[in-house]
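Note sheet for the following structure.
Numbering (our numbering), first residue to last: 420 to 1138.
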């Protein structure tokens, strides 16, 4: 059967929309002319950045509502764009057409907000200050840390007041405000903290120490995705499904007052029922006796364990059935082999873990083993990405060390130069400030970049917005090299940095940049200029988030949610365990005194990690085997991306919707052909937007309820 999204077996399959998503209203002239970086676009972009940076903390920490960011399709930016498209443009256009935002201006506004979304919540700030203070507040209850001097390996300059009480009364009071008031907050009883009373000044020196690291990492991340953008979007024709959604939301042609998609009846046929279902469920949360609930989730784990009691310890992900209209819509816009593979991923992990449990005589495959398998899959997929684009990357880096003679590759060449420079600064920071050995610093920094690149590739191919990678970079490094080769100080530092640089991949920077770049491509915006203004917005967001989180944490306390308070404790516990092993095996001194390439000689002393390496090898085998089958046989229906996401919570809750979306798409293609497939796209965009607006509705209603009553609002878990 011929599909509209078929592609040569030597390249990743891409749906037809990868090429025609430039403007859903293609055929008309883009409204607003050619300028994108204007006063309007920068103003609205900065306003959106400021709102998200200041409000995200309050929304999640105080109102306890769904995050306005939360994933790679963040509600905050998309709802702001929706408001501007449906309210600002029609109303402002009645005064003057010049006040309307054009498609290209919308792309700038969206990119400025998207690229700043990694900062306000779990991408960085929600864990950052907690990771800075918490280890010192719990150290007294950690005798192992004291025995192995774990915290002594962390430079004191990176902490407020250098973690010194000082000798004067003022110094002691400042220390108490910063450290001892962190958990419960500065105010007592019904007191409220004034906006200027939080310890901003005490935090500033430490923030200035951390700022260069974040600067180097963010520039390296942005330049790296810009470097591979041409290869992914033009040569390999990736779908970028999230960019398809953003493009449809902002595209406006001719003299229309708002976006083209809102003029499509098919769009509203998809939007209305989805929004109505979630509206019913939201009303049910408030009035359970009067409004029935429309259940979209079914959990069959109890029934499964009753039928198959011998498999109770296997990972039965296939028993979780959830209908997500967002995922069904996304599945329509990605290649069929990818949507089928994502739909089958939970079946794969269920069968694999069940078979292993039976064949091993009762040894379960848990989250740790699956994380190791995914780590091997990431490494193998990274090798495939480099191999697939080897000619392009070689040409770019070859030109990067010479004067540019052709304008064709100027963007990629400059991206390569900036990446190399920023990556070198990243490594230099690790060496000079964090006191890492240059060899370990290079391996750690390279692993972070490679990991983020593969994760971003998954998002660009699948559009799975809720994905948390579930891969532990530090575990990969320490398992492959061994604790003796890494060294005692480096062990503590890289474990601790895992709480700072890579916190929550559902809000990672690189995928946000990738979506913004593809959206810019679709509507004809200059990518370098777009990134310049977006980076400026990100810098402002960094400062605003510092103010918002510092005030919020010291006004209410850091809380007792272990998922945001404890990561730094867990990381340092793991590092301490490694230090104890080095001490018990009498390798501590040798490990500490071995530097540079001489560390390679300590790799043979890596013992106890054989099983982990085998699990990683199994993951690499699965990816390479499926890739070879896919390249060799055009009919092969499955994609190796399944082994990059299987066993994750995102795969567990989305597999059914991906499979359902694949079935719907196949039926449309089989019985209606490519023309029907193209013409029905607005329905599936309506499904996606219906859920986005429904989530936004719960946030807006919840905020109004809180401001009116002072009580916490009810909410529903749509996502």
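Where a beta carbon is used, it is the ideal one built from N, C-alpha and C, also for glycine.
So, helix, strand or coil for residue 718, using DSSP? strand
Is the distance from the Cβ of residue 735 to the Cβ of residue 769 below 8 Å? yes
Assuming residue 527 and residue 960 form a contact by the criterion Cβ under 8 Å, report the distance between their Cβ atoms to the nearest whole angstrom. Not quite, the Cβ-Cβ distance comes to about 15 Å (not below 8 Å), so this is no contact.
For residue 897, which three-state DSSP category applies? helix
Cα separation between residue 805 and residue 872? 11 Å
Closest to residue 495 by C-alpha separation, out of 994, 1104 and 1113, would be which residue? 1113
Would you mind sorting residue 640 into buried or exposed? The rule is 16 or more other CB atoms within 10 Å of its CB. Buried is the call here.
Using 10 angstroms around the beta-carbon of residue 1054, count the other beta-carbons present and answer buried if the total reaches 16, otherwise exposed. exposed
In the DSSP assignment, find the unbroken alpha helix (DSSP H) run with residue 769 in it and report its ends. For residue 769, the uninterrupted alpha helix (DSSP H) run begins and ends at 755–778, by DSSP.
Alpha carbon to alpha carbon, how far is residue 435 from residue 1076? Caution applies to residue 435, whose pLDDT of 39 falls short of 50 and renders its modelled position unreliable; the model cannot decide the point.
Determine the closest residue to residue 943 out of 916, 523, 1018 and 1046, with distance taken between C-alpha atoms. Nearest option by C-alpha distance: 523.
Would you mind listing the alpha helix (DSSP H) stretches within the segment 567–605 that are 4+ residues and don't spill past its ends, in chain order? 588–594
Would you say the segment 696–711 touches the segment 1031–1039, given that touching needs at least three Cβ pairs under 8 Å? no
For residue 901, which residues from the same chain have a beta carbon less than 8 Å from its beta carbon, with the 5 sequence-adjacent residues on both sides left out? 1021, 1022, 1024, 1025, 1026 and 1028
With C-beta atoms as the reference, is residue 860 less than 8 Å away from residue 869? no
Simplified DSSP assignment, three categories, for residue 672: strand
Enumerated in chain order, which unbroken segments of the alpha helix (DSSP H) with a length of 4 residues or greater are wholly contained in the segment 785–832? 786–807 and 809–819
Where residue 974 and residue 1130 are concerned, what is the direct C-alpha to C-alpha distance, given to the nearest angstrom? Their backbone Cα atoms lie some 18 Å apart in a straight line.
Whether residue 803 touches residue 1046 by CB criterion (8 Å): yes
Should residue 954 be counted as a contact of the ligand MG given a C-beta to heavy atom distance under 7 Å? What this structure holds is no ligand at all, so the ligand MG is not there to describe.
Can you give me the Cβ contacts of residue 550 inside the same chain, cut-off strictly under 7 Å, excluding the 5 residues immediately before and after it? So the list reads 918, 919, 986 and 987, once near-sequence residues are dropped.
Considering only C-alpha positions, which residue in the set 883, 784 and 541 is nearest to residue 662? 883
Three-state secondary structure assigned by DSSP to residue 739: strand
Through-space distance from residue 627 to residue 611, alpha-carbon basis: Those two C-alpha atoms are separated by around 28 Å.
Quick check on DSSP: helix, strand or coil for residue 478? helix
Is it buried or exposed for residue 603, if we count other Cβ within 10 angstroms and need 16 for buried? exposed
Hey, how far is the Cα of residue 1133 from the Cα of residue 710? C-alpha separation (whole angstroms): 15 Å.
Test item: CB-CB of residue 368 and residue 536 under 8 Å: Residue coverage of the chain in this structure runs from 420 to 1138, which leaves residue 368 outside it and unanswerable.
Out of 552, 1116, 887 and 1090, which one is the CA nearest neighbour of residue 1066? Among 552, 1116, 887 and 1090, the Cα nearest to that of residue 1066 is on 887.
Evaluate the contact criterion for the segment 966–985 versus the segment 540–555: three or more CB pairs, one atom per stretch, below 8 Å. Taking a contact to require three or more Cβ pairs closer than 8 Å, the segment 966–985 and the segment 540–555 qualify as touching.
Nearest by alpha-carbon distance to residue 532: which of 648, 934 and 681 is it? 934
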